[in-house]
Each structure stands twice: as structure tokens, then as C-alpha cells.
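**Q** Questions regarding the structure given below will be posed in turn.
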């Protein structure tokens with residue numbers, strides 16, 4: 001089983017501009033992001049991510065975690081709404097779709113899965129963008145993993161972090 005989280009931040013730790021991660025993304029990050037999601041069995045996101053980001057089309061099943069009865073991705077025929085914790089969703093999605101799960105939720109979801117020892121890795125893109133909102137300490141997040149490698153493309157740094165489950 002492989003559960004990998006994906007996240008983009010600006011160099012100042014901002015996670016979005018105008019409530020959208022595209023505001024802190026870069027062309028290199030976008031290419032990496034699109035390639036990554038084509039190679040998984042399922043994508044899991046939170047309700048807030050679904051409401052603020054464009055998820056009307058995904059190449060694989062999309063699980064939206066929300067207590068709301070309103071489906072924010074009604075145009076996506078691969079989308080499912082689950083009232084579940086991130087840990088429950090990972091276990092259920094693995095049974096239903098396969099073992100390669102991509103988490104595109106925010107910092108809270110990633111932290112919760114780390115605390116539950118259910119995350120195998122993190123693909124973190126750090127772009128040159130600054131001046132957004134939703135700041136996180138991305139260095140502290142990377143430090144929660146056992147090891148990482150860094151690559152660079154067009155000014156965007158890609159952290160490929162690995163966590164060994166206990």
C-alpha cells in the first residue's frame with residue numbers, strides 16, 4: 001500500500017492566493033501534479049479543498065470527505081462524498097479502489113494521517129511565489145518524515161519525503 005500526500009506552498013509558506021492553490025503553483029509544479037495523479041488508484045480531498053479548487057474532472061475516482069450534504073463537484077462522475085475521517089477514508093478507499101492513494105487535502109488532513117501512521121510519503125512543491133495566505137511551516141512538516149530528496153525545476157523545489165510506518 002502506498003499513501004502519498006501532495007501539496008504546494010510558496011517559499012514563504014503560503015498555501016493559497018485568493019483561496020486557490022493555483023495562486024502559489026508554478027508551471028513545473030503543475031506538470032508534476034498532473035503526472036502524479038494519473039498514476040494512482042484514487043484521490044482523497046477534504047470538503048474545503050473541493051469547494052475552492054477545480055475538481056470537476058479527475059483521471060481516477062475522487063473521494064471528498066465532508067459532513068455536508070451538498071456535493072461541490074457535481075460535474076465529476078468519478079466523485080464520491082464520504083462522511084469519514086481521513087484514516088477511515090484511506091482504509092475504505094484502499095479496499096474499494098486499490099492500494100495507491102493520493103491525498104490532496106490540506107495541512108490538517110496530512111497531519112492527521114501522519115499522526116495515525118497512515119502516510120508513506122509527501123510530494124511537496126515549494127515555488128518562488130510569496131504573498132498568499134494559509135501559511136504553514138513546511139520545514140516542520142518535512143521534518144516529520146524519515147528522509148527526503150530535493151530536486152529543482154525552473155525555480156520550484158520538489159521535496160520527495162518518505163516515512164517508514166511503524
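Numbering (the UniProt record's numbering), first residue to last: 1 to 166.
Glycine included, C-beta positions come from ideal geometry on N, C-alpha and C.
For residue 7, I'd like the list of residues in its chain whose CB is within less than 6 Å of its CB, leaving aside the five on either flank, ordered along the chain.
**A** 124, listed in sequence order.
**Q** On the DSSP bridge assignment, give the partners of residue 126 in chain order.
**A** Partner(s): 9 and 157.
**Q** Apply the 10 Å Cβ neighbour rule to residue 26 and answer buried if 16 or more other Cβ atoms are within range, or exposed otherwise.
**A** Buried.
**Q** What is the C-beta distance between residue 86 and residue 105, in whole angstroms, given that I count them as a contact (C-beta under 8 Å)?
**A** Indeed, because the Cβ distance is near 7 Å, the residues count as touching under 8 Å.
**Q** Compute the beta-carbon to beta-carbon distance between residue 32 and residue 24, rounded to the nearest angstrom, for a pair I have assumed lies under 8 Å.
**A** Between residue 24 and residue 32 the Cβ distance is about 14 Å, and since that is not below 8 Å, they are no contact.
**Q** In this structure, does DSSP put residue 46 in helix, strand or coil?
**A** Note: residue 46 maps to strand in three-state DSSP.
**Q** Return the chain-ordered list of same chain residues with a C-beta closer than 8 Å to the C-beta of residue 110, the five sequence neighbours on each side being excluded.
**A** If we look at residue 110 and ignore the five residues flanking it on each side, its Cβ neighbours are 5, 7, 103, 119, 122 and 141.
**Q** Is the segment 67–85 close to the segment 147–161, with three or more CB pairs under 8 Å?
**A** Taking 8 Å as the limit for Cβ pairs, the verdict is that the segment 147–161 does not touch the segment 67–85.
**Q** For residue 152, which residues in the same chain have their Cβ closer than 8 Å to its Cβ, ignoring the five residues on either side in sequence?
**A** If we look at residue 152 and ignore the five residues flanking it on each side, its Cβ neighbours are 158.
**Q** Under the DSSP definition of a beta bridge, which residues are partnered with residue 151?
**A** Per DSSP, 158.
**Q** Tell me the residue span of the beta strand (DSSP E) that contains residue 116.
**A** Note, residue 116: premise wrong, no beta strand (DSSP E); not H, not E.
**Q** Tell me where the alpha helix (DSSP H) around residue 78 begins and ends.
**A** Residue 78 -> no alpha helix (DSSP H), and no H or E assigned at all.
**Q** Considering only the beta carbon of each residue, do residue 12 and residue 130 sit closer than 7 Å?
**A** It is a contact, given that the beta carbons lie within the stated cut-off.
**Q** Which residue from 82, 42, 46 and 20 puts its Cα closest to that of residue 112?
**A** Among 82, 42, 46 and 20, the Cα nearest to that of residue 112 belongs to 46.
**Q** Excluding five sequence neighbours on each side, which residues of the same chain lie with their C-beta closer than 7 Å to the C-beta of residue 59?
**A** 37 and 38, listed in sequence order.
**Q** Could you give the DSSP three-state label for residue 17: helix, strand or coil?
**A** Residue 17: strand per DSSP, three-state reduction.
**Q** Looking at residue 29: is its Cβ nearer than 7 Å to the Cβ of residue 127?
**A** In contact: residue 29 and residue 127 (Cβ atoms closer than 7 Å).
**Q** So for residue 90, helix, strand or coil by DSSP?
**A** Note: residue 90 maps to helix in three-state DSSP.
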